[in-house]
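S.K.: When we follow the working numbering, the leftmost residue of the sequence shown carries the number 10, and every step to the right adds one. Supplied in structure tokens, the structure appears directly below.
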Amino acid sequence: MSTWSCSPLGEPGQVRRPDLVVVDVSAYERSDTEGKLLRASDVLIIAEIVSSGSVRMGHVIKRREYADAGIPHYWIIDVAEPVSLLECRQAEGELGYSDGGRVTGTFTTAAPFPIELDLDALIRPTSGRTPR
10 MSTWSCSPLG EPGQVRRPDL VVVDVSAYER SDTEGKLLRA SDVLIIAEIV
60 SSGSVRMGHV IKRREYADAG IPHYWIIDVA EPVSLLECRQ AEGELGYSDG
110 GRVTGTFTTA APFPIELDLD ALIRPTSGRT PR
């Protein structure tokens with residue numbers, strides 16, 4: 010897993026290891042030559058999985074850090090049943106995030122690219138594997 014710098018280029022910031030980071034292929038390839046470090050400006054989506062012990066970290070602290078770093082899309086996935094996803098989007102020129110609302114079942118979005126996620130499949134055991 011790559012580490013990435015949670016700050017605008019050239020400014021001091023945090024270093025985070027999100028549960029999921031989506032970047033453009035060119036940014037990923039460049040990070041290979043730069044010690045696996047991704048810049049905040051490279052990131053399209055960050056997703057964090059929260060549990061009962063990490064709600065404040067995911068919903069308050071990381072949300073603020075990612076918004077300050079200019080991450081355009083932050084998804085907070087809560088794996089307590091029913092599994093839900095809170096989509097946070099940063100509007101152009103705005104500070105902070107606006108929420109798209111908590112979604113259960115199937116999450117669908119067109120930004121930053123079209124995707125549909127079966128949220129229940131995130132915790133559903135697959136054949137031959139036991140849940141952890």
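All C-beta atoms, glycine included, are put in the ideal place defined by N, C-alpha and C.
Pick out whichever of Leu29, Val112, Gly109 and Ile85 has its Cα sitting closest to the Cα of serine 63.
M.R.: Residue 63 sits at position 54 when you count from the first residue of the sequence shown. For the residues Leu29, Val112, Gly109 and Ile85, the minimum Cα distance to serine 63 belongs to Ile85.
S.K.: Tell whether a beta-carbon distance below 7 Å holds between isoleucine 54 and valine 31.
M.R.: Mapped onto the sequence shown, residue 54 falls at position 45. Mapped onto the sequence shown, residue 31 falls at position 22. Closer than 7 Å, so yes.
S.K.: Between isoleucine 80 and valine 52, is the Cβ-Cβ spacing less than 7 Å?
M.R.: Within the sequence shown, the letter at position 71 stands for residue 80. Within the sequence shown, the letter at position 43 stands for residue 52. It is a contact, given that the beta carbons lie within the stated cut-off.
S.K.: Looking only at DSSP bridge pairs, what is aspartate 127 linked to?
M.R.: Reading the sequence shown from its first residue, position 118 is the one you call residue 127. Paired residue(s): Thr115.
S.K.: When the distance is taken between beta carbons, is alanine 49 closer than 7 Å to alanine 78?
M.R.: Within the sequence shown, residue 78 is the residue found at index 69, counting from 1. Within the sequence shown, residue 49 is the residue found at index 40, counting from 1. Yes, they are a contact pair.
S.K.: What residue does the beta strand (DSSP E) around aspartate 87 start on, and which one ends it?
M.R.: As a first step, residue 87 must be located in the sequence shown, where it is residue number 78. First-last of the beta strand (DSSP E) with aspartate 87: 82 to 87.
S.K.: I'd like to know whether the C-beta of glutamate 101 is nearer than 7 Å to at least one C-beta of chain C.
M.R.: The structure shown contains no chain C, having only a single protein chain.
S.K.: Alanine 56 and aspartate 33: beta carbons closer than 7 Å?
M.R.: Residue mapping note: residue 56 aligns to position 47 of the sequence shown, counting from 1. Residue mapping note: residue 33 aligns to position 24 of the sequence shown, counting from 1. It is not a contact, given that the beta carbons lie outside the stated cut-off.
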